[in-house]
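For the record, the sequence lines run as chains A and B. For the first sequence, the working numbering begins at 358 and goes up steadily by one. For the second sequence, the working numbering begins at 358 and goes up steadily by one.
There are 2 protein chains.
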Amino acid sequence: MSTHPGITTPAGFRAAAIAAGIKPSGKSDMALVVNDGPKFIAAGVFTQNQVFASPVKITRQHIQDHCLKAVLYNSGNANACNGKQGDDDALSLITQTANNLGIEPADVGACSTGLIGDLLPMNVMRPGVDALSSNLGGNGHLAAEAIMTTDTVAKEFFSAQGEWSLGGMGKGVGMMAPSLATMLVCLTTDADVTAEMAQKALGKACSTTFNTLDVDGSTSTNDTVLLLASGASGYTPSQEEFDAVVYEACWDLMKQMQADAEGVSKRVSITVRGAEDNDSALTAARCIGRDNLCKCAFFGSDPNWGRVLVAVGMAPVVMDPEHINVYFNGEPVCLDSTGTPHAREVDLSGPDISVEVDLATGGPGTATVYTTDLSHAYVDINSAYSS
Amino acid sequence: MSTHPGITTPAGFRAAAIAAGIKPSGKSDMALVVNDGPKFIAAGVFTQNQVFASPVKITRQHIQDHCLKAVLYNSGNANACNGKQGDDDALSLITQTANNLGIEPADVGACSTGLIGDLLPMNVMRPGVDALSSNLGGNGHLAAEAIMTTDTVAKEFFSAQGEWSLGGMGKGVGMMAPSLATMLVCLTTDADVTAEMAQKALGKACSTTFNTLDVDGSTSTNDTVLLLASGASGYTPSQEEFDAVVYEACWDLMKQMQADAEGVSKRVSITVRGAEDNDSALTAARCIGRDNLCKCAFFGSDPNWGRVLVAVGMAPVVMDPEHINVYFNGEPVCLDSTGTPHAREVDLSGPDISVEVDLATGGPGTATVYTTDLSHAYVDINSAYSS
C-alpha cells in the first residue's frame, strides 16, 4: 500500500508516472494505470462535445466491451483537432503500451489533456511509454501528479469499505479555469461488480457531481471519467452500497476541483427549487450559473438580485414569473419577484456565496449547480496567448 | 423639421424631453413621443424574458389593438420587479399622460430603462409628465438623449423616401454593457401602412438585426422596439419597400449600439455557414459568441481556433465534427477540424475580428452574430456595486 491511499490502494492495481518531456516545465506528464484483474470491468463517461479528441474517440471504441486492462494518461497536449494523425498517434501509443504489457490494444484506453491542435511529441512519448511499462508499482500519487495541468494540487480519493475499497484520482479545475479545462478522473475498485453495475453507478454519480460543476457551459474535447474494477476482493456489494461509494468519490473529487479553481475569488452554489421537475431546475440553475452579469456581481460581492431574475427568466422552463423568491446566503432578497427592504445590504463579502431560487410552480423539482465568479484573474488566465 | 432629422421628422410626430430628476446626474431622463395621426398604427417587439418589467406588461396590453397615440419614456429606473406597485405606478403615469393629451390611457405605451428593483420616484415623475405634455415639439433629438443610460452618444436614424419617410431613435449598448442592457427603440413613419404591414416589417427586421447583437445571451426585462405610423404622408409603400427601410433603420441603430459598447476592445462578427438551415447556423453562431473562452481569446488577440471548435461542438445542431473549417479575418486557421500550419500567426490585433465557421453539413444554412470580447473593462463595469 502506498503512503497516499488512492488508485493503487484497491487490490489489483498498479500505476507509474514519468516526466517524459511533453511539458516545457519538466514536470511529470505521463502516467499509466494497470488493472491486473482477475476481472477487467470498465465503465466510462465522456465529453458531450461533438468535437472530441482522438483519445476520447479510441477509448470510447475500446470500452464498448466494458473491458479495459490499462489506461495511458498524458498532460501537456490534448491531442484534439489533429485529424487522422491524431488518431494514428494515439493508437500507436496504445499499441506500444499493449505490447509492453502483453495485452491487446483493444483493452487499453488513453486520456490526454493540454493545448488543442498540436501534434503529440511522439519522439519523447515513445520512450515514455516504455519507461512507464517497466516502472509499474504501488504509488498512485505519482500518477495523480502527472495528469495535472493548471491544477495546483493533486486530487485523490480513497474509501475502505471493509471487504472492498475504492480509490480515485482526478485532474481539472472543472470548467473553472477553462483554458485547460479538461476533466480527467480515474476510479479504481477491487469490488467484484458487473459492467452493468459499474456503468449504472458511474453515470448516476457523474450527473449530480461533475455534471453540476459548471462555470461557463464549456465542456472540453477530452473530458473522460473512467471506473475500473478488478474484482480482486472477491466481494460484491449491493448496487446501493456501490452507488453510494462511487458517488462519494465523484463528489469529493468535484469539490477538490472547485476548491482548486484558478482565477476564482468566490465559490457559488446555486440551488433552484419549486421547478416542475429536476431537469427543469437544473436548466434554470445553469442559466444563472452561466450568466456573466450574475458572475460579475458575485465578484463584486454585490447582492444584485435583479440580475438573478433576468438570468432565470431566460430559462426555457416553467416558472411563475411574478412569484419568484431569491435568497442570498439564506437571506430573502426577493419575494414574489419583488425586492425585500434590506436586499441591497446582504453581506456577500465572504468566499462562499449561496443562491437559492424558488420558481414557485408548486412542483418538486430541485437541483444545485456549482459555479464561480467572473474575476479579473479569469480574464487574465484566459486571454493569455494560446494558453 | 428639426436640425437633427429623427423621430419627429416624419409628418405627424411630436416629442419632448426633460430632466425630471430620476437620474442623480441631473441629465435628461424622461421623454414623450406623440403620434398626431391621422392614423395611429403601432407594432411592437418585446423582450423574450419571462421576467419582464411593468411598462412591458402594460404596453403589450395596450398595443394589442395595434393602436398607440403616445409613448412615455424614462431612463434611470427600469420599474422591473416592483410587483403590483410597479404596475400601478406605470399605469398611473400613463393615465396622467393620456389625460393631459386628451386621449385614452389604452392608447399610451411606456418604456423604462435603468436599475431593476427600485420603485419609480413618482414625486418627480408626475411633474415630469406634465412638463412633457406641455412642451411637445419638433426636436426629437432631445428625446433620443433622454433615454440614454450608459450610452455615450444618442442614436438616431432618418431616411427620406420621397413620398414618405422613417425616423428612429434607440438606446442601449445591446447586450454589450449589460449592467443596464435594456434596448429601447422607437421608429416613426408617416407612411400609410396597415398594422399587419408594420408588424411584419418590424418582426422581420428585428430578427436579423437587434436579435443578432448578442454578447452574453442576456435579454433585459425591459427590451422594447416600437414602430409608430401616422399615415400623414398619405402614401402607401409596397411591403418590400417598407420592409427595406425598416430593416435599414434597425440595422443602422444596431450598428450604432455595437459601436457604442462600453467595456469592449474588439468588435467581433461570427458567421456560421454550411449548417442544415439558418436557425441551426444562428444557434451555432450564438454558442461561439457567448463562449467566455473565445471572448477572452479575442480580448488577447489570440487566434486560438481550438476554442472555437470546442464552443461550436457544444451547439445542439448537426455538423460534421471532423470536417469543420474556421477562418479568422479571412485566413484559414482550421481545415477539416485540424489546424493549418500558420494558424497561430494570424494577426487579430485590430479592433475588428471576423470569425467564419463552416459546419460542413452541405446544407445552405447561414447566420451572423455580432459580439464583443470579454475584457477587464467588462468585469469592472459589471462588478461595480449595483450598477
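C-beta: ideal position from N, C-alpha, C; glycine also. Remember, it's a predicted structure, so these values are computed and weren't measured experimentally.
Please report the residue range of the alpha helix (DSSP H) in which residue i lies.
{"i": "B:Ile415", "result": "Ser411 to His419"}
{"i": "A:Thr723", "result": "Taken as a continuous stretch (DSSP letters only), A:Thr723 belongs to no alpha helix (DSSP H), being part of the beta strand (DSSP E) at Gly722 to Thr729."}
{"i": "A:Asp446", "result": "Gly440 to Leu458"}
{"i": "A:Pro484", "result": "Met479 to Ser490"}
{"i": "A:Lys512", "result": "From DSSP, A:Lys512 is part of no alpha helix (DSSP H) but of the beta strand (DSSP E) over Lys512 to Ala517."}
{"i": "A:Ser564", "result": "Ala552 to Thr565"}
{"i": "B:Val625", "result": "Run containing B:Val625: none in the alpha helix (DSSP H); it sits in the beta strand (DSSP E), Arg624 to Ala632."}
{"i": "B:Asn635", "result": "Asn635 to Gly646"}
{"i": "A:Leu666", "result": "Trp662 to Gly670"}
What residues in its chain sit with their C-beta under 7 Å from that of residue i, if we drop five residues either side in the sequence?
{"i": "A:Met554", "result": "Gln596 and Phe599"}
{"i": "A:Leu559", "result": "Ala400, Val402, Val582, Leu584 and Val603"}
{"i": "B:Gly591", "result": "Asp549"}
{"i": "A:Asp762", "result": "This structure does not reach residue 762 of chain A, given that chain A is present from 358 up to 744, and the question cannot be answered."}
{"i": "B:Arg701", "result": "Pro660"}
{"i": "A:Ser449", "result": "none"}
{"i": "B:Glu513", "result": "His361, Gly363, His498, Ala501, Gly525 and Met526"}
{"i": "A:Thr509", "result": "Asp617"}
Which same chain residues, not among the five before or five after residue i, have their C-beta less than 6 Å away from its C-beta?
{"i": "B:Arg630", "result": "Asp715 and Thr723"}
{"i": "A:Ala374", "result": "Ser385, Ala388, Leu499, Ala500 and Ala503"}
{"i": "B:Lys652", "result": "Asp730 and Leu731"}
{"i": "B:Pro462", "result": "Ile451, Thr452 and Ala455"}
{"i": "B:Ala638", "result": "Val629, Ala632, Gly722, Thr723 and Ala724"}
{"i": "A:Gly524", "result": "Gly363, Ile364, Thr366, Pro367, Phe515 and Thr545"}
{"i": "B:Asn682", "result": "Leu692 and Asp715"}
{"i": "B:Ile710", "result": "Lys623, Val625 and Phe655"}
{"i": "A:Ala589", "result": "Ala368, Gly369 and Asp547"}
{"i": "B:Leu493", "result": "Arg371, Ala373 and Val391"}
{"i": "B:Asp444", "result": "Ser411"}
{"i": "A:Ile420", "result": "Ala399 and Gly401"}
Near residue i, what residues of its chain come up, given a Cβ to Cβ distance below 8 Å and the 5 sequence neighbours on each side ignored?
{"i": "A:His680", "result": "Asp693, Ser694 and Ala717"}
{"i": "A:Val664", "result": "In the sequence under discussion, the amino acid at residue 664 of chain A is Arg, which differs from the Val named in the question. Result list for A:Arg664: Asp648, Leu650, Cys651 and Ala654, in chain order."}
{"i": "B:Val669", "result": "Val629, Ala641, Cys644, Ile645, Met676, Ile681, Val714 and Leu716"}
Let me make sure I understand the geometry here. Which of the options has the alpha-carbon closest to that of residue i?
{"i": "B:Asp617", "options": "B:Asp737, B:Gln556 and B:Thr506", "result": "B:Thr506"}
{"i": "B:Gly495", "options": "B:Ser740, B:Gly369 and B:Thr725", "result": "B:Gly369"}
{"i": "A:Val674", "options": "A:Arg643, A:Thr404 and A:Tyr592", "result": "A:Arg643"}
{"i": "B:Val542", "options": "B:Asn406, B:Pro678, B:Asp422 and B:Leu429", "result": "B:Leu429"}
{"i": "A:Ser490", "options": "A:Met540, A:Cys607 and A:Arg371", "result": "A:Arg371"}
{"i": "B:Ile473", "options": "B:Cys438, B:Thr728 and B:Pro462", "result": "B:Cys438"}
{"i": "A:Thr640", "options": "A:Val690, A:Asn686 and A:Ser564", "result": "A:Ser564"}
{"i": "A:Ile645", "options": "A:Asp422, A:His419 and A:Val667", "result": "A:Val667"}
{"i": "A:Asn568", "options": "A:Lys512, A:Thr551, A:Lys612 and A:Ala601", "result": "A:Lys612"}
{"i": "A:Gly394", "options": "A:Ile460, A:Thr578 and A:Leu705", "result": "A:Ile460"}
{"i": "B:Ala601", "options": "B:Ser577, B:Gln615 and B:Ala562", "result": "B:Ala562"}
{"i": "A:Pro594", "options": "A:Leu650, A:Glu520, A:Ala606 and A:Ser577", "result": "A:Glu520"}
{"i": "A:Thr470", "options": "A:Ala488, A:Thr578 and A:Glu513", "result": "A:Thr578"}
{"i": "B:Ser432", "options": "B:Gly440, B:Met482, B:Ser658 and B:Leu705", "result": "B:Met482"}
{"i": "B:Cys468", "options": "B:Lys414, B:Asp422 and B:Gln442", "result": "B:Lys414"}
For the putative contact between residue i and residue j, defined by C-beta atoms under 8 Å, what is the C-beta separation to the nearest angstrom?
{"i": "A:Pro708", "j": "A:Arg624", "result": "6 Å"}
{"i": "A:Leu610", "j": "A:Gly527", "result": "4 Å"}
{"i": "A:Val486", "j": "A:Gln453", "result": "5 Å"}
{"i": "B:Thr416", "j": "B:Gly466", "result": "4 Å"}
{"i": "B:Ser587", "j": "B:Asp547", "result": "5 Å"}
{"i": "A:Met671", "j": "B:Asn436", "result": "Actually they are not in contact, since the Cβ atoms of A:Met671 and B:Asn436 sit about 19 Å apart, beyond 8 Å."}
{"i": "B:Pro678", "j": "A:Val408", "result": "5 Å"}
Look at residue i and residue j and say whether their C-beta atoms are less than 8 Å apart.
{"i": "B:Ala427", "j": "B:Asn392", "result": "yes"}
{"i": "B:Thr725", "j": "B:Ser626", "result": "yes"}
{"i": "A:Asp330", "j": "A:Asn434", "result": "Outside the modelled stretch of chain A, which goes from 358 to 744, sits residue 330 of chain A, for which no answer is possible."}
{"i": "B:Pro484", "j": "B:Ile379", "result": "no"}
{"i": "B:Glu688", "j": "B:Val703", "result": "yes"}
{"i": "B:Gly720", "j": "B:Asp636", "result": "no"}
{"i": "A:Ser411", "j": "A:Ala447", "result": "yes"}
{"i": "B:His361", "j": "B:Gly529", "result": "no"}
{"i": "A:Gln556", "j": "A:Tyr727", "result": "no"}
{"i": "B:Thr566", "j": "B:Cys607", "result": "yes"}
So the beta strand (DSSP E) residue i belongs to, where does it begin and stop?
{"i": "A:Gly524", "result": "Ser522 to Lys528"}
{"i": "B:Tyr684", "result": "Asn682 to Phe685"}
{"i": "A:Phe655", "result": "Counting along the chain, A:Phe655 falls outside any beta strand (DSSP E), though it belongs to the alpha helix (DSSP H) covering Asn649 to Phe656."}
{"i": "A:Ala374", "result": "Phe370 to Ile375"}
{"i": "A:Met387", "result": "Met387 to Asn392"}
Requested in this report: With 9 Å as the limit, tell me which residues of the region 392-420 of chain A have their beta carbon closer than that to any beta carbon of chain C; keep them in chain order.
Outcome: Here the protein chains are A and B, and chain C is not one of them.
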